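The block underneath contains the structure these notes are about, expressed in structure tokens.
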Amino acid sequence: MNRSIIYIGAACFAFTFSSIFYYLFRVLSIFPPLTEKITIYLFIISCLITLLIVLSHKLPVDQPLLVHLIELICVLVVLILAGAFFDVYPFRPFYIRMVALCGICAYTFVILMVYLNNKTAEKAINQAIAEQRRRGSNV
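Mind the numbering: the sequence shown is residues 9 to 147 in our numbering, read in order.
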């Protein structure tokens, strides 16, 4: 699958899960109300995270666990810095911890969705190859 499509899909998943987690934390009265302005900021933050992850993939790192750790660091750095810059949440230790928790949860769900999406594509490709082989042996 084209890597750009994977990154775009990951950015969409990130925005979706970030919005859901923000709303859940809002329901618990932890975050301020989810306004249109904050929604735009969440979208920008999701795009910045994706961009930073794309850049981090240029690093010469081959160990999957280390790659995920670097990606998670990218997520947390952008969430904390951009959150403070855009004034998405009060910049105090309690809120920083909640944002970090939200980021870790969203990152986990995004990785899971990308993995499941890749598995589905892999299965479809393998079925197409098997079908071609069956047709080739029947000729």
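Note that the Cβ used here is the ideal one computed from N, Cα and C, for glycine as well. Remember, predicted model here, so these are calculated numbers, not experimental data.
Going by beta carbons, residue 43 and residue 18 fall outside the 7 Å limit.
Minimum Cα-Cα distance from residue 84 among the listed residues 74, 60 and 73 corresponds to 60.
Here DSSP, grouped into helix, strand and coil, assigns residue 36 to coil. According to the DSSP assignment, residue 97 belongs to no alpha helix (DSSP H), since it is labelled neither H nor E. Look at residue 76 here: in three-state DSSP terms it is helix.
In the displayed model, residue 43 falls within coil according to three-state DSSP, outside both helix and strand. If you check the CB distance, residue 25 and residue 114 come in under 7 Å. Looking at 134, 140 and 118, the one whose alpha-carbon comes closest to that of residue 28 is 118.
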